[in-house]
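Residue numbers (the UniProt record's numbering): 1 to 130.
Now the structure itself:
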């Protein structure tokens with residue numbers, strides 16, 4: 001792994017303490033030849049929550065943290081930033097994504113940190129790369 005990254009299940013991950021929009025966070029991950037993190041299963045999700053919780057402890061209460069899941073349009077389905085389908089694992093905070101407004105990008109929830117919530121992509125949040 002590149003310096004500052006931690007390996008888990010064959011992928012390298014790093015939580016960043018810089019608040020960026022979803023697109024700028026994605027670009028920042030690309031500068032390290034990666035993408036925003038894609039927790040496709042419960043074990044990886046739990047590991048990323050661990051990384052996020054350490055970040056949370058070090059910076060205060062900014063618990064919304066971007067992951068690599070988004071949708072391209074209002075009625076579209078969510079997909080990973082590598083273009084693959086969401087799949088069966090999707091721990092939404094309310095059992096499903098919010099359907100109001102332009103909430104096309106996904107982060108960990110501030111209230112239930114192991115769950116996901118969709119937010120406006122223009123929000124500036126911390127993020128995790130892989």
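Virtual Cβ for every residue (Gly too), placed ideally from N, Cα, C. Note that the structure is a prediction, hence the values are computed from the model and not measured.
The shortest CA-to-CA distance from residue 76 to any of 92, 97, 67 and 91 is the one to 97. The DSSP-derived three-state label of residue 86 is coil. When the beta-carbon positions are compared, residue 5 and residue 13 come within less than 8 angstroms of each other. By the criterion of at least three beta-carbon pairs nearer than 8 angstroms, the region 37 to 56 is in contact with the region 111 to 120.
Residue 30: member of the alpha helix (DSSP H) spanning 22 to 31, first to last residue.
In the structure shown, the three-state DSSP call for residue 98 is coil.
The beta carbon of residue 104 lies closer than 6 angstroms to those of 70, 71 and 121 in the same chain, with the five residues before and after it left out. CA-to-CA, the gap between residue 106 and residue 3 works out to about 26 angstroms.
If you look at residue 116, you'll find it in the beta strand (DSSP E) that goes 116 to 119. Take the alpha-carbon of residue 54 and the one of residue 7: they are about 16 angstroms apart. When C-alpha distances from residue 16 are compared across 78, 64, 93 and 10, the shortest belongs to 64. Exclusion of the five residues before and after residue 119 leaves 64, 103, 105 and 107 as the residues of its chain whose Cβ lies within less than 7 angstroms of its Cβ. Counting only the Cα atoms, residue 41 lies some 26 angstroms from residue 18. In this structure, DSSP gives residue 16 an extended state, which the three-state scheme calls strand.
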